[in-house]
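> First the structure, then my questions, so here it is.
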Amino acid sequence: MELFQKHKRKIFGSILLAIVVYAVLLLIADTSNLVAELKDFQWELLPIIIGLTLFNYALRFVKWHWYLGVVGVKNLHWFDSLLIFLAGFSMTLTPGKAGEFLKAFLVKQRVDTPVATTSPIILAERMTDGLALLLLAAFGLLIFDSATVRLVMLGVLIAATFVVLLVQRRAWAERVMRRMERFPKLATRMHHVQAFYASAYDLLQFKPLFIAIFLGVISWAGECFALALILVGLGIPFSWTLVALSCFAMGFATLAGSLLLVPGGLGVAEASIGGLLVAFGKAPWLPAGTITASIAAVATLMIRFATLWFGFFLGLICLGIVQRRFATGSKSVPQNV
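First residue of the sequence shown? That's 634 in the numbering used here, and the numbers climb one at a time after it.
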C-alpha cells in the first residue's frame, strides 16, 4: 500500500524509539528483580489477558462497521471490513496514528467509496475513544477519597458533558471554532477542524455519539481489566480497588499518549502506567499488597506487549492478507448492516 510505504520510515523510527524506551526502563529497574517477577508470573492468565485485548478489538470493530453504515457504506462485506479495521493497527506507530487513514483508502479500494466519506469515521473513532478513556480514568479516581479528587472528577464530567453538547449544536460549535481562529497557533489548523466537523456532523449526533462512547467504555475496560489481571499474576491480590487503579492508569496513559501525538504513545504511556502504579499501588489504597517498582515495570512491559505490540503485529498480518485478497479483484458481497 502506498500509504504504508509513505509511513514506513516513521514506523521504523518508532520501533527504534521503543527499543530505547524499554532499554531505559530496564536500566532504571532492577533487572534481576524483573527476571524473578517474570518467573513467578502466573502464565496461565496470559490467554485471558490476550482474550481481553481481542475483546477490545471486537467491540471497536463493531463501532467501526456500524459507523460505515451511518455514512452510507452498505456494500462492504463484514469480513473485508474486519480485515481493513485490523490492518489499521499496522499504522499505530505513526505520529498521532495519522496512518490509520489507511482504512479509508482500503475501503475506497474495495468498494470505491470516496475517502472523504469514510475518513471522518477515523476522527470520530478517535474522539469517542478519547471520551471513553476520560470516563474510565475518572472512574479510576474513585479509589482516592478526597475533596480534591472529587473536584477533579466533577471537572472531568463537566468537560465531557460540554464536549457532547457542543458537537450537537452546530451554531455553538461554529462560534467556538471562529473564536479559536483568533489564536495564531490554532488558526493554521482550524480549517482541518472545520472540515472534519462539517463532514462528521451526522456521526456526532446524540444517538450515534452515545452508542460509540458506550462501546468505547466497554471495549477499553477490557484492556484495563487485562492490566489488573497482569498485576494479579504478579502476586497482587485481586480487588475492585486494583481494577479502579488499572482503569485510572490505562485510561490516563492511553489518553496522554494520544493527545501528545506520540507514536504509539511510546515513552508517555510507559512512564504514566509505571509511575501511577508505583505512586498509588500501596496503602491505604491497596493494603493487601504493595506494587513495587519492579512489579510496576514488569506490568507495564507486559500490558504494552499485550496491547500495542500485539495489535501492531496483528495489523501487519492483516495488511498482508488485505493486499493479496484485494489484489484478486473480487468484490464484496452487498451487506445491509
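Note that CB positions come from ideal geometry on N, CA and C, so glycine has one too.
Keep in mind that this is a model prediction, so the values were computed, not measured.
Determine the closest residue to Leu934 out of Ala859, Val796, Pro753, with distance taken between C-alpha atoms.
It is Ala859.
> My output table needs one value for Glu814: the three-state DSSP class, helix, strand or coil.
Residue state, collapsed to three classes: coil.
> So what does DSSP say about Gln968, is it helix, strand or coil?
Note that Gln968 has pLDDT 42, beneath the 50 cutoff, so the model's placement of it is unreliable and no number is given.
> Cβ atoms of Phe959 and Arg802: under 8 Å apart, would you say?
It is not a contact, given that the beta carbons lie outside the stated cut-off.
> Name the residue from Phe829, Phe772, Leu764 whose alpha carbon lies nearest to the alpha carbon of Phe847.
Among Phe829, Phe772, Leu764, the Cα nearest to that of Phe847 belongs to Leu764.
> Going by alpha carbons, who is nearest to Ala926 out of Arg693, Asp713, Ala912, Phe938?
Considering only alpha carbons, the answer is Ala912.
> According to DSSP, is Thr933 helix, strand or coil?
It is helical.
> Since Ala877 and Gly948 are thought to touch, with beta carbons under 8 Å apart, how far apart are those beta carbons, to the nearest angstrom?
The pair is not a contact, with the Cβ atoms about 30 Å apart (cut-off 8 Å).
> Quick one: using the 10 Å Cβ neighbour count with 16 as the cut-off for buried, is Val970 buried or exposed?
For Val970, the predicted model reports a pLDDT of 36, less than 50, meaning its position is unreliable; a value from the coordinates is still stated below. Exposed is the call here.
> Can you tell me whether Leu798 is buried or exposed? The criterion is at least 16 other CB atoms within 10 Å of its CB, across all chains shown.
With fewer than 16 Cβ atoms within 10 Å of its Cβ, Leu798 is classed as exposed.
> Please confirm whether Pro753 and Ala833 have their CB atoms less than 8 Å apart.
Closer than 8 Å, so yes.
> Just the C-alpha distance for Leu709 and Gly944, rounded to the nearest angstrom, thanks.
Cα to Cα, Leu709 sits roughly 23 Å from Gly944.
> If you reduce the DSSP assignment to three classes, tell me which class Val704 lands in.
Correct three-state label for Val704: coil.
> Would Ala882 pass as a contact of Leu769 if the rule is Cβ separation under 8 Å?
In this structure, Leu769 does not lie closer than 8 Å to Ala882 by Cβ.
> Do three or more CB pairs link the stretch 896 to 903 to the stretch 645 to 659 at distances below 8 Å?
Contact between the stretch 896 to 903 and the stretch 645 to 659 is present, because at least three Cβ pairs lie under 8 Å.
> Using alpha carbons as the reference points, say which of Leu775, Leu701, Ile950, Gln827 lies closest to Pro747.
Residue Leu701 is the option with its Cα nearest to Pro747.
> Are there three or more Cβ pairs, one per stretch, closer than 8 Å when the stretch 860 to 868 is compared with the stretch 674 to 681?
Verdict: yes, contact present.
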